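Step one of this worksheet: look at the structure below.
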Amino acid sequence: MLERIYLFLDELGEVGVLTGDFFRYLVRRPFEGRLLLDQLDAVGVRSVNVVNLTAIFSGMVLALQMGQFLAKFGAKIYVSRIMGLSLLREMGPVLSALMVAARVGAGITAELGTMKVTEQIDAMRSLATSPVKKLVVPRVLATIIMMPVLTVLADAIGLLGGLVISVTQLGVSADYFYSSLIQNVQLEDLLSGLGKSVFFGFEIAIIACAKGLSATGGADGVGRATTSAVVAASITVLISDFFLTKFFLSI
Numbered sequence: 018m019l020e021r022i023y024l025f026l027d028e029l030g031e032v033g034v035l036t037g038d039f040f041r042y043l044v045r046r047p048f049e050g051r052l053l054l055d056q057l058d059a060v061g062v063r064s065v066n067v068v069n070l071t072a073i074f075s076g077m078v079l080a081l082q083m084g085q086f087l088a089k090f091g092a093k094i095y096v097s098r099i100m101g102l103s104l105l106r107e108m109g110p111v112l113s114a115l116m117v118a119a120r121v122g123a124g125i126t127a128e129l130g131t132m133k134v135t136e137q138i139d140a141m142r143s144l145a146t147s148p149v150k151k152l153v154v155p156r157v158l159a160t161i162i163m164m165p166v167l168t169v170l171a172d173a174i175g176l177l178g179g180l181v182i183s184v185t186q187l188g189v190s191a192d193y194f195y196s197s198l199i200q201n202v203q204l205e206d207l208l209s210g211l212g213k214s215v216f217f218g219f220e221i222a223i224i225a226c227a228k229g230l231s232a233t234g235g236a237d238g239v240g241r242a243t244t245s246a247v248v249a250a251s252i253t254v255l256i257s258d259f260f261l262t263k264f265f266l267s268i
């Protein structure tokens, strides 16, 4: 048990050190615009399909479950109000983050871990090139930028899925669904979810980079690091979501 605690504290220290290095190199020239664009494509564009697929079926299930429950009280016409708050504040950012953690977090860890065990990271240092500047900063920054974009897409697609179920299964008209949603969902609900997504993006990317740069033991070590990164990033997202929710509700 104590060994696990010491290992956790050691990993937490590695993430903390890498976080400090990230912010230090973030403002240091030259700015790697080309590398950032490549990572924006890898992190954001290539994650659109999996995020949208998750969002539309989550929205459809949410509408179906809520509609069936509210129908018992003759209140199924209010399904859009509850759906809107649930998706914008919680399900949109959290589900998007979990999908990005599974896809992008695993990819970053595997890529950096392979570079680490094949000594490419050491080669970069021997050439006076900072791995943090070239490898970590573009990946973390791209994830921070793209997470709100993916969250907005997930919100829209999830609401679309809920609209389809409301019209076809619950008998709620599309006009009423839309008007009820607009009247009861406020801009701060959307901003709350987007604010969370920024933190989620940073957590996912910095944990993935830290796990990748600390990988040892060849291909087997890279596999362990990748699994550990996905688990750690997912748990961190869920834990931080609670505290971020309390923070945004208190504003």
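Letter 86 of the sequence shown, counting from 1, is numbered 103 in the numbering used here, and no numbers are missing.
Just so you know, even glycine gets a beta-carbon here, dropped at the ideal spot from N, CA and C.
These numbers come from a predicted model, not from an experiment.
Given a threshold of 16 other Cβ atoms within 10 Å of its Cβ, counted over all protein chains shown, does residue 68 qualify as buried or as exposed? As a first step, residue 68 is located in the sequence shown; it is residue number 51 there, counting from the start. Burial call: buried.
In three-state DSSP terms, what is residue 148? Position 131 of the sequence shown, counting from 1, holds the residue named residue 148. If DSSP states are grouped into helix, strand and coil, residue 148 belongs with the helices.
With a 10 Å radius around its C-beta and 16 neighbouring C-beta atoms as the bar for buried, classify residue 74 as buried or exposed. Mapped onto the sequence shown, residue 74 falls at position 57. With fewer than 16 other Cβ atoms within 10 Å, it is exposed.
In three-state terms, what does DSSP make of residue 232? Stepping through the sequence shown from its first residue, residue 232 is reached at position 215. When DSSP states are grouped into helix, strand and coil, residue 232 belongs to the coil group.
Can you tell me whether residue 256 is buried or exposed, with buried defined as 16 or more other CB within 10 angstroms of its CB? Position 239 of the sequence shown, counted from the start, is the residue given in the question as residue 256. Taking all protein chains shown into account, residue 256 has fewer than 16 neighbouring C-beta atoms within 10 Å of its C-beta and is therefore exposed.
Going by beta carbon distance, what residues of the same chain come within less than 6 Å of residue 85, once the five residues before and after it are set aside? Start at 1 with the first residue of the sequence shown, and residue 85 comes out as number 68. Around residue 85: no qualifying Cβ.
Give every residue of the same chain whose Cβ lies closer than 6 Å to the Cβ of residue 113, excluding the five residues on either side of it in the sequence, and list them in chain order. Looking up residue 113 in the sequence shown gives position 96. Correct list, in chain order: 68, 167, 168 and 171.
Comparing C-alpha positions only, which one of 217, 30 and 211 sits nearest to residue 157? Locating residue 157 in the sequence shown gives position 140, where the first residue counts as 1. 217 is the residue among 217, 30 and 211 whose C-alpha sits nearest the C-alpha of residue 157.
Does the structure place the segment 172-181 close enough to the segment 87-102 that three or more beta carbon pairs sit under 8 Å? Flag = yes, the segment 87-102 and the segment 172-181 touch.
C-alpha gap between residue 46 and residue 154, whole angstroms: Reading the sequence shown from its first residue, position 29 is the one you call residue 46. Reading the sequence shown from its first residue, position 137 is the one you call residue 154. Straight-line measurement puts the Cα of residue 154 at about 12 Å from the Cα of residue 46.
Check for me: the alpha helix (DSSP H) holding residue 51 runs from which residue to which? Within the sequence shown, numbered from 1, the residue matching residue 51 stands at position 34. For residue 51, the enclosing alpha helix (DSSP H) covers residues 50-60.
Starting from the C-beta of residue 77, find all residues in its chain whose C-beta is less than 8 Å away, skip the five residues before and the five after it, and write them out in chain order. Residue 77 sits at position 60 when you count from the first residue of the sequence shown. So the qualifying residues of the chain are 178, 179, 181 and 182.
Could you give the first and the last residue of the continuous alpha helix (DSSP H) run that contains residue 86? The residue you call residue 86 lines up with position 69 of the sequence shown. Its alpha helix (DSSP H) spans residues 65-88.
Between residue 38 and the rest of its own chain, which residues show a CB-CB distance below 6 Å, the 5 nearest in sequence each way excluded? Counting from one through the sequence shown, the residue named residue 38 turns up at place 21. Same-chain partners within the cutoff: 149.
Tell me which residue opens and which closes the alpha helix (DSSP H) that residue 133 is part of. Translated into the one-based positions of the sequence shown, residue 133 becomes position 116. Segment 123-134, the alpha helix (DSSP H) holding residue 133.
Proximity below 8 Å, CB of residue 232 to CB of residue 250: The residue you call residue 232 lines up with position 215 of the sequence shown. The residue you call residue 250 lines up with position 233 of the sequence shown. No; because the gap between Cβ atoms is not below 8 Å, this pair is not in contact.
If you draw a straight line from the alpha carbon of residue 107 to that of residue 66, how long is it in whole angstroms? The residue you call residue 107 lines up with position 90 of the sequence shown. The residue you call residue 66 lines up with position 49 of the sequence shown. Each residue's CA atom was taken as its position, placing residue 107 and residue 66 some 20 Å apart.
Looking at the secondary structure, which residues open and close the alpha helix (DSSP H) in which residue 158 lies? The count along the sequence shown starts at 1 and reaches residue 158 at position 141. Judged by DSSP secondary structure, residue 158 falls within the alpha helix (DSSP H) whose first and last residues are 154-185.
Residues in the same chain with beta-carbon distance under 8 Å from residue 206, minus the five sequence neighbours each way, listed in chain order, please. Working through the sequence shown from its first residue, we reach residue 206 at position 189. Around residue 206: 101, 102, 105 and 106.
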